[in-house]
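Numbering (our numbering), first residue to last: 310 to 605.
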Ligand SMILES: *Cc1c(COP(=O)(O)O)cnc(C)c1O
């Protein structure tokens, strides 16, 4: 399989609708380009977990996710690259036809193990997988080791040039890493992909070196909930692609870009602001949409 190519990561200045009129500059960090399968922030979050597992000579990586999980596919691909065995504990009963994501994960050598939604919610590891030889990574790569990896994202752009950094939030691990890697001169704004998840702020704060740093997460751009969407979001994503040439995904980055466009329109950012938006990847998730929904 193709190796990770961090040299493909660029910071693209965009012609963002309305931003010019308001003297706001918007750039996008293209982490979606580093690998066709392990796109975006997942590589950064996984990096030190995989190092630890290799160092401790663990025989396999075990992790959790749903049928369309970017984390599952990224873990399968990263383990295949590193020569590690991987096991995915998947939420819910096995469907007669595997999702595109799970097919690919299986193809990459990941062993899939389906458990009921109740057991999944309780993060119950099936007895056969409770082997101390296995290295367990939390759902979404959540944790200090994940945040330490995500902090590495900040070395791919010139921090000093930006006043605000926008990112999508699932578990909050990437946001915590960005907060740890930047100073109070940068405002980090997280856009939650989940509905009413008020546990996010304390979860992020737990991973911070400076526990007093403000954690700004906006909760009003979920479009009905995690992995839900509305026609408004889809038409925004298509328009955004037409004007900027940048594809986005409907679970995370589409909602984040939409939120930032809305905030610019509503004068949330002072004139003269320089925004960096993290394109955290996730484009494989668009495969679950009906064909023709997106123009890219
Ligand atoms: C997983 C993911 C996120 C969320 O990252 P967290 O560290 O869990 O908050 C954001 N964007 C994309 C594309 C993702 O796949």
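For every residue, glycine included, the Cβ atom is placed at its ideal position computed from N, Cα and C.
A direct Cα-to-Cα measurement between residue 518 and residue 463 gives close to 16 Å. Secondary structure at residue 416: helix, using DSSP grouped into helix, strand and coil.
If you ignore the 5 residues before and after residue 510, its C-beta comes within less than 7 Å of the C-beta of 524 and 526, all in its own chain and listed in chain order. By a beta-carbon distance limit of 8 Å, residue 479 contacts residue 502. Their separation comes to about 5 Å. Within 7 Å of the C-beta of residue 483 there is at least one heavy atom belonging to ligand 1. The nearest non-hydrogen atom of ligand 1 is 7 Å or more from the C-beta of residue 372. By the CB criterion at 8 Å, residue 458 and residue 353 fall inside the cutoff. Exclusion of residue 512 from the 7 Å shell around ligand 1 follows from its C-beta lying no nearer than that to any non-hydrogen atom of the ligand. Note on the stretch 431-517: whole beta strand (DSSP E) runs with a minimum of 3 residues are 443-446, 473-478 and 496-501, in chain order.
With a cut-off of 7 Å, the C-beta of residue 558 is classified as near ligand 1, since at least one heavy atom of the ligand falls inside that distance. With contact defined as three or more Cβ pairs closer than 8 Å, the stretch 383-391 and the stretch 351-369 are in contact. Relative to the non-hydrogen atoms of ligand 1, the Cβ of residue 380 comes within a distance shorter than 7 Å of at least one. Annotation for residue 338: no alpha helix (DSSP H) segment contains it, though the beta strand (DSSP E) segment containing it runs 334-339. Boundaries of the alpha helix (DSSP H) harbouring residue 551: 540-553, taken from the DSSP string.
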